[in-house]
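Residue numbers for the sequence shown follow our numbering, beginning at 14 and rising by one. Below is one structure, written out as structure tokens; comments come after it.
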Amino acid sequence: MAWLKKRIAVQLRLSDPASLHPNQDLLQLGMDSLLFLELSSDIQHYLGVRINAERAWQDLSPHGLTQLICSKPEATPAASQPEVLRHDADERYAPFPLTPIQHAYWLGRTTSLAMAASPVTSCLSGINATMSSISPILEKAWNQLIARHDMLRMVVDADGQQRILATTPEYHIPRDDLRALSPEEHASRWKNGGMN
């Protein structure tokens with residue numbers, strides 16, 4: 014338990030591992046899916062135990078993780094080779110289940126987190142390009158990136174299944190010429206969501 018508390022404290026940037034209560038909900042301390050994957054990898058590497066993510070998320074606390082580690086539900090040698098994944102072209106665009114972590118986020122979604130903005134708007138709203146030639150180049154690169162990586166075209170259906178879209182419409186980066194605005198109007202536009 015002491016090793017685990019130290020690892021959790023390092024990941025969550027806590028100054029005192031001893032301050033971690035055994036039943037403390039690690040989500041409330043900032044544990045997210047990426048930190049959990051890193052912790053899970055450390056557990057497998059150092060302890061030779063591969064924990065079940067779905068079971069871990071049912072009690073994501075130091076005590077819950079200790080119980081999982083001690084029960085050794087999926088004990089593996091620390092140096093074992095990962096499972097080899099095989100490409101299945103016939104099923105590439107077929108629906109498939111969410112991972113336990115994705116499912117937890119999907120169940121916990123709220124209207125306050127609605128994905129109203131396009132990915133381009135979300136990722137690029139802070140860029141203030143002064144050269145008009147940058148936008149077409151950036152737009153082309155963004156669309157090439159989406160075309161190349163399937164998970165950037167992933168959608169979650171109402172039944173909780175995810176699927177990859179074969180194609181998506183071309184994304185266009187919104188452009189507004191703000192040069193004629195006063196500094197106050199310019200600041201207000203950016204403060205209230207950027208473009209348009």
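Glycine included, every Cβ here is placed at the ideal spot set by N, Cα and C.
Considering only residues of the same chain and omitting the five flanking positions on each side of residue 108, which have a CB-CB separation below 6 Å?
Taking the sequence shown and counting its residues from 1, the one referred to as residue 108 is at position 95. The answer, listed in chain order, is 174, 176.
Mind checking which residues open and close the alpha helix (DSSP H) that includes residue 23?
Taking the first residue of the sequence shown as position 1, residue 23 is located at position 10. It spans 15-25 - the alpha helix (DSSP H) in which residue 23 sits, taken as one unbroken run.
Taking the straight line between their C-alpha atoms, what separation do you get for residue 171 and residue 119?
By 1-based counting over the sequence shown, the position of residue 171 is 158. By 1-based counting over the sequence shown, the position of residue 119 is 106. Each residue's alpha carbon lies about 10 Å from the other.
Are residue 22 and residue 30 touching if we call contact CB-CB under 8 Å?
On the sequence shown, position 9 is the one that residue 22 refers to. On the sequence shown, position 17 is the one that residue 30 refers to. Yes, they are a contact pair.
Quick one: what does DSSP say residue 44 is sitting in, helix, strand or coil?
Position 31 of the sequence shown, counted from the first residue, corresponds to residue 44. In this structure, residue 44 counts as coil in the three-state DSSP scheme.
When burial is assigned at 16 or more other CB atoms within 10 Å of the CB, is residue 18 buried or exposed?
For the purposes of this step, residue 18 is identified with residue 5 of the sequence shown, where counting begins at 1. The residue in question, residue 18, is buried, as its Cβ has 16 or more Cβ neighbours within 10 Å.
Just list the residues that DSSP pairs residue 167 with in beta bridges.
Looking up residue 167 in the sequence shown gives position 154. DSSP output for residue 167 lists 177 as bridge partner(s).
Ordered along the chain, which non-local residues of its own chain (more than five positions away) have a Cβ less than 8 Å from that of residue 67?
Mapped onto the sequence shown, residue 67 falls at position 54. Closer than 8 Å at Cβ, skipping near neighbours: 113.
Mapping the DSSP letters down to three states, classify residue 110 as helix, strand or coil.
Counting from 1 along the sequence shown, the entry for residue 110 is found at position 97. Reduced to three states, the DSSP call for residue 110 is strand.
Use the C-beta contact count for residue 147: other C-beta atoms within 10 angstroms, 16 or more gives buried, fewer gives exposed.
The sequence position of residue 147 within the sequence shown is 134, counting from 1. Residue 147 comes out exposed.
Could you check if residue 164 is buried or exposed, using at least 16 other CB atoms within 10 Å of its CB as the buried criterion?
For the purposes of this step, residue 164 is identified with residue 151 of the sequence shown, where counting begins at 1. Looking at its Cβ environment, which holds fewer than 16 other Cβ atoms inside 10 Å, residue 164 is exposed.
Terminal residues of the continuous alpha helix (DSSP H) containing residue 68?
For the purposes of this step, residue 68 is taken as residue 55 along the sequence shown, with counting starting at 1. Run containing residue 68: 66-71, per the alpha helix (DSSP H) assignment.
May I ask which residues mark the beginning and end of the alpha helix (DSSP H) holding residue 31?
In the sequence shown, residue 31 corresponds to position 18, counting from 1. Where residue 31 is concerned, there is no enclosing alpha helix (DSSP H), given that its DSSP letter is neither H nor E.
DSSP on residue 172, reduced to helix/strand/coil?
As a working note, residue 172 is residue 159 in the sequence shown. If DSSP states are grouped into helix, strand and coil, residue 172 belongs with coil.
Is the separation between the beta-carbon of residue 20 and that of residue 45 shorter than 8 Å?
Numbered from 1 along the sequence shown, position 7 holds the residue referred to as residue 20. Numbered from 1 along the sequence shown, position 32 holds the residue referred to as residue 45. Going by C-beta atoms, residue 20 is not nearer than 8 Å to residue 45.
From 161, 52, 149, 201, pick the residue whose C-alpha is nearest to that of residue 179; which is it?
On the sequence shown, residue 179 is found 166 positions in, with the first residue counted as 1. Ranking 161, 52, 149, 201 by Cα distance to residue 179 puts 161 first.
Which residue comes first and which comes last in the alpha helix (DSSP H) that contains residue 159?
Numbered from its first residue, the sequence shown carries residue 159 at position 146. Looking at the DSSP string, the run of the alpha helix (DSSP H) that includes residue 159 is 147-161.
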